[in-house]
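Q: Numbering (UniProt numbering), first residue to last: 1 to 343.
All C-beta atoms in this analysis are idealised placements derived from N, C-alpha and C, irrespective of residue type, glycine included.
Just so you know, these numbers come straight off a predicted model, no measurement behind them.
Sharing a structure, written as structure tokens. Questions coming.
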């Protein structure tokens with residue numbers, strides 16, 4: 001039986017002694033340094049595994065002045081758009097040799113502030129962030145801004161943030177969704193919006209208004225329903241809308257979750273989609289493809305947005321002057337037509 005080592009005390013010097021190598025050789029082998037031949041690297045790494053060696057990445061980052069870790073703050077990892085964006089972030093970060101540490105704000109500014117300070121204390125090389133629905137300014141991100149640590153917002157961006165951002169064309173998305181409903185014959189179009197302190201929902205609402213104006217349909221404030229776009233909130237709002245005598249003939253929802261909730265509540269009320277009410281969502285979630293009728297929605301390229309966010313952040317970290325970093329990169333959006341809105 002192999003001797004069990006106290007893993008709390010194993011250092012590169014213990015590995016070096018066990019193999020009869022110098023500590024510097026062990027250190028280079030553990031970092032896959034090309035100066036060390038493959039046979040030696042394999043021996044060192046095998047011994048490190050057997051002895052239970054765990055590198056002290058904090059000490060290493062202090063020596064190198066780089067942690068090779070990126071912080072990521074998102075509202076919730078369970079959101080379909082964020083999960084696809086995180087996949088893109090993880091893939092792109094690995095390509096550049098970075099690891100990702102993720103924190104969820106749970107849509108609260110208090111938790112968002114706590115995460116900012118946690119990541120600053122961890123000495124991450126850069127921070128990616130999606131602001132909470134209720135974030136009205138970026139003051140609490142000042143530890144990164146003051147210390148010139150790269151910070152990139154994607155998807156949701158605090159108002160008047162002057163730094164680097166990666167977003168979808170939310171105005172165009174709102175316009176396309178509403179115009180599509182109008183072209184399908186809708187004239188009384190309700191809108192489920194998220195909280196209007198958030199840039200996404202401001203822009204999607206403005207796109208909605210612009211489409212109405214283009215087709216000379218009066219804007220009706222009573223058709224705008226602002227809530228947090230969760231299943232429960234949307235179900236309650238849908239119940240109120242569909243209980244009245246004069247229901248809308250169209251619904252544009254600022255996310256797919258609330259659009260699906262509307263379709264489900266319409267079914268319970270005996271209101272037919274799309275015959276009586278045509279519905280368009282936003283994000284192209286998996287749910288949009290499996291709900292019946294299938295949901296017309298706006299595709300906003302979460303995976304590619306995640307990749308672009310990391311590419312931008314790494315360029316800022318590396319001070320890459322050969323590549324021009326776009327300060328405000330905007331992804332095109334696309335209307336995906338399905339059963340819920342067609343004549």
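Where DSSP assigns a beta bridge to residue 99, which residues make up the other side?
A: Bridge partners of residue 99: 69.
Q: Could you give the DSSP three-state label for residue 212: helix, strand or coil?
A: Three-state result, residue 212: helix.
Q: The beta strand (DSSP E) that contains residue 193, what's its start and end?
A: Note, residue 193: beta strand (DSSP E), 189–193.
Q: Just mark residue 250 as buried or exposed, buried being the case when its beta carbon has 16 or more other beta carbons within 10 Å.
A: With 16 or more other Cβ atoms within 10 Å, it is buried.
Q: If you compare alpha carbons, which of 199, 253, 159, 246 is closest to residue 235?
A: Per the Cα distances, 253.
Q: Judging by CA-CA distance, which residue of 190, 96, 73, 332 is the nearest neighbour of residue 152?
A: When each option's Cα is compared against that of residue 152, the closest is 73.
Q: Using 8 Å as the cut-off, can you tell me whether the segment 176–187 makes contact with the segment 222–229, which would need three or more C-beta pairs spanning the two stretches below that distance?
A: Too few Cβ pairs lie closer than 8 Å, so no.
Q: Using CA coordinates, which residue listed in 270, 263, 301, 280 is at the minimum distance from residue 292?
A: The candidate whose alpha carbon is nearest that of residue 292 is 263.
Q: By DSSP, does residue 104 sit in helix, in strand, or in coil?
A: Residue 104 falls in the strand class under three-state DSSP.
Q: Which full runs of the beta strand (DSSP E) of 3+ residues lie inside the segment 282–319, going along the chain?
A: Here the runs fully enclosed are 297–299.
Q: Rounded to a whole number of angstroms, what is the C-alpha to C-alpha distance between residue 6 and residue 48?
A: Residue placement at residue 6 is flagged as unreliable, the pLDDT there being 48, under the threshold of 50; the coordinate-derived value follows with that caveat. In a straight line, the C-alpha of residue 6 is about 13 Å away from that of residue 48.
Q: Output the distance between the C-alpha atoms of residue 16 and residue 30, rounded to the nearest integer angstrom.
A: Roughly 11 Å between the two C-alpha positions.
Q: Under the three-state reduction of DSSP, which class applies to residue 12: helix, strand or coil?
A: Residue 12 falls in the helix class under three-state DSSP.
Q: DSSP has residue 201 in a bridge; who is on the other side?
A: Bridge partners of residue 201: none, in fact.
Q: Return the CA-CA distance between residue 11 and residue 127, expressed in angstroms with no decimal places.
A: So the two alpha carbons sit approximately 30 Å from each other.
Q: Using DSSP with H/G/I as helix, E/B as strand and the rest coil, what is residue 332?
A: In the structure shown, residue 332 sits in coil (DSSP, three-state: anything other than H, G, I, E or B).
Q: Note down the Cα distance separating residue 319 from residue 80, rounded to an integer number of angstroms.
A: Computed Cα separation, rounded: 32 Å.
Q: Please list, in chain order, all residues of the same chain as residue 343 whose beta carbon is under 6 Å from its beta carbon, the five residues on each side excluded.
A: Around residue 343: 184.
Q: Do you know offhand how far residue 325's Cα is from residue 70's?
A: When rounded, the distance between both Cα atoms is 18 Å.
Q: Quick one: what does DSSP say residue 171 is sitting in, helix, strand or coil?
A: In this structure, residue 171 counts as helix in the three-state DSSP scheme.
Q: Residue 164 by DSSP, collapsed to three states: which one?
A: Here residue 164 sits in strand by DSSP.
Q: Report all residues from its chain with a CB closer than 6 Å to the CB of residue 20; omit the five preceding and five following residues, and keep chain order.
A: Same-chain partners within the cutoff: there are none.
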